[in-house]
Amino acid sequence: MHFLLIYDLAPDYLERRGEFRNDHLKLAWEAQQRGEIVIAGALADPADKAVLLFSGESSDAAERFARADPYVVHGLVTQWHVRPWITVVGQDASTPIRPE
């Protein structure tokens with residue numbers, strides 16, 4: 001299954017992220033190497049949200065990641081939530097559905 005970890009970013013996120021960015025990226029790349037994160041990044045124009053796509057049997061990895069993320073711990077993320085995402089089209093879709 002796929003899960004989206006969605007971050008709401010603080011208004012001063014861009015100004016403050018530098019101090020925590022290396023630790024955040026280290027955590028993210030480690031999760032990617034374990035096969036938990038598929039792809040991740042911040043939305044632009046405006047930079048008010050970030051979306052991290054996780055793959056796994058449950059939302060546990062996404063929730064663990066958020067709780068440990070320096071961006072969350074230090075208030076650069078004002079809120080976060082995890083949503084199951086039913087992916088149906090594409091090479092990596094978790095439940096591919098093809099037309100008849």
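Per UniProt numbering, the very first residue in the sequence shown carries number 1; after that it's consecutive. Backbone N, C-alpha and C define an ideal beta-carbon position, used for all residues, glycine too.
In this structure, the alpha-carbon of Ala10 lies about 42 Å from that of Pro99. The three-state reading of DSSP puts Gly35 in coil, since its state is none of H, G, I, E or B.
With a threshold of 16 other beta carbon atoms within 10 Å, Ile39 falls short and is exposed.
When C-beta atoms of the region 64-79 are compared with those of the region 13-23, three or more pairs fall below 8 Å, so the two segments count as touching. Assigned with DSSP and collapsed to three states, Ala10 falls in coil, not helix or strand. CA-to-CA, the gap between Ala44 and Leu14 works out to about 11 Å.
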